[in-house]
Amino acid sequence: MPRGATIISGALNGLQFMLVRNGHDAVALGRQVGLPAGAWLDSQFEIPLYDFVNIYERGAAMLDQPGIGWQSGPLLDLGDLGELGEALLTASTIGSALRTFERFLRYVQSETEMTLTVEDGVATLIYRILNPDIWPRRQDAEFTLSVLTALIRRGAGADWHPDLVCFEHSASRSTSSWTDPAFGVCQFDCETNALSFPESILALPMPSDGRKDHRRALANLSRGLARKARANSLTARTRTAIYEGLGTGTADQETVARQLGLSRRSLHRHLSDEGVRYSSLLNECRFRVARHALLDTTHSLAQIACELDYSDQTAFERAFKKRTGMTPKQFRQDFLGTRSSAG
1 MPRGATIISG
11 ALNGLQFMLV
21 RNGHDAVALG
31 RQVGLPAGAW
41 LDSQFEIPLY
51 DFVNIYERGA
61 AMLDQPGIGW
71 QSGPLLDLGD
81 LGELGEALLT
91 ASTIGSALRT
101 FERFLRYVQS
111 ETEMTLTVED
121 GVATLIYRIL
131 NPDIWPRRQD
141 AEFTLSVLTA
151 LIRRGAGADW
161 HPDLVCFEHS
171 ASRSTSSWTD
181 PAFGVCQFDC
191 ETNALSFPES
201 ILALPMPSDG
211 RKDHRRALAN
221 LSRGLARKAR
231 ANSLTARTRT
241 AIYEGLGTGT
251 ADQETVARQL
261 GLSRRSLHRH
271 LSDEGVRYSS
281 LLNECRFRVA
291 RHALLDTTHS
301 LAQIACELDY
311 SDQTAFERAF
321 KKRTGMTPKQ
331 FRQDFLGTRS
341 SAG
């Protein structure tokens, strides 16, 4: 059970509100996944990201509300995100707020990635959990994109909606059942979770322009993020960097070392001190991503090979069989057959 990644418990407040409103005991639900009662009382309490994702999935089932992730996003009090929340609330423009979220998401949630890109007048905001073992994560994805949509609406207006919404998971219901106009154009089974909208939105002012408070919050976030990074082992930081780089051609040792502020030789030496080889880490990450893609998605073998930066499908199949004794196709078919028998 992947327990390394964490998130602050303040992100649960929207879900807690919906549970209480519907007559359910949030503490009891949290207890089912091993969440301490204090997590509901202290917004800065760090909890395993696995538990956060799990409790959202259970909450959706308990309330019979498959859209609970999206519905609870606007209920999040950004102030419960601590320094990050203050930085978001005091940003001068939507673009400044989103860039702040992009840069400092890991202050409140580790092993995740958020990127904002602009190309040909279209801004795209991408979010994903890097750890492939944390699945299913349908509710987390919908919750996070909903939080981002609500943040943008603070400057763009309550009726604003993105041009396109993408999710990595499969659709749980028809898009016509969504009550939010953000799902007018929605795609599922995508490579990642994303919002796309006109670049001009980034320049719109936010309702509260507290530049002095914003600068102070950014300084505190920078120091806090540096402390968190130092607290992690180099092995853990390297693994995260590899996950980030897979599929983009930047998971090689030279690039990852540079991203970590080290030379290739220094990275090799420090990993050796921790009893790890870079090639072993890369192979481990590739296998975990491949296993997730084969079991939890409908991605083709060629697509998975590309996502893992193999030269071609044959190279992927050869490496996978060497590790498991099975071809990727056999591995997927065996799982599907087992699941069908169990059902």
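Per the numbering used here, the sequence shown starts with residue 1, numbered consecutively. Each residue gets a CB set at the ideal place from its N, CA and C atoms; glycine is no exception. Source: prediction; values computed, not measured.
A residue is called buried once 16 or more other Cβ atoms fall within 10 Å of its Cβ, and Arg269, having fewer, is exposed. Exposed is the label assigned to Asn22, since fewer than 16 other Cβ atoms lie within 10 Å of its Cβ. With a contact defined as Cβ atoms closer than 8 angstroms, Val256 and Gly245 qualify at about 6 angstroms. The C-beta of Pro205 has fewer than 16 other C-beta atoms within 10 Å across all chains shown, which makes the residue exposed. Residue state for Ser196 is assigned as strand, using DSSP reduced to three classes. Residue environment analysis places Ala158 among the exposed positions, since fewer than 16 neighbouring C-beta atoms fall within 10 angstroms of its C-beta. With a minimum length of 3 residues, there is no unbroken run of beta strand (DSSP E) contained wholly in the stretch 198-272. Listed as beta-bridge partners of Glu113 by DSSP are Arg128.
Assigned with DSSP and collapsed to three states, Val108 falls in helix. The residue among Leu202, Tyr127, Pro132, Trp135 with its C-alpha nearest the C-alpha of Phe167 is Tyr127.
Distances from the CA of Cys306 to each of Arg258, Glu284, Gly249 were compared; the closest alpha carbon is that of Gly249. Remark: three or more beta-carbon pairs, one from each stretch, lie closer than 8 angstroms, so the stretch 5-23 and the stretch 75-84 are flagged as touching. Around the C-beta of Ala141, 16 or more other C-beta atoms lie within 10 Å, and the residue is accordingly described as buried. Taking 8 angstroms as the cut-off, the beta carbon of Thr90 is found closer than this to the beta carbon of Asp213. Listed as beta-bridge partners of Val165 by DSSP are Cys186, Leu195. In this structure, the straight-line span from the alpha carbon of Arg264 to that of Thr314 is close to 29 angstroms. At a Cβ-Cβ threshold of 8 angstroms, Tyr278 and Leu267 count as neighbours.
For the 8 angstroms CB-CB criterion, Leu29 and Arg58 form a contact. For His169, same chain residues with a beta-carbon under 8 angstroms away, outside a window of 5 residues either side, are Pro136, Arg137, Arg138, Ala141, Phe188, Asp189 in chain order. Taken atom to atom, the span from the alpha-carbon of Val185 to that of Ser272 is near 49 angstroms.
Of the residues assessed, Ser146 falls on the buried side of the cut-off, its CB having 16 or more other CB atoms within 10 angstroms. Taken through DSSP and simplified to helix, strand or coil, Thr314 comes out as helix.
Here the C-alpha atom of Lys228 lies approximately 21 angstroms from the C-alpha atom of Leu281. In the structure shown, Pro328 falls within a helical segment according to DSSP collapsed to helix, strand and coil. With distances taken between CA atoms, Asp120 lies nearest to Ser200 out of Ala60, Ser200, Tyr56.
In the DSSP assignment, Ile7 falls outside any alpha helix (DSSP H) and lies within the beta strand (DSSP E) extending over 6-8.
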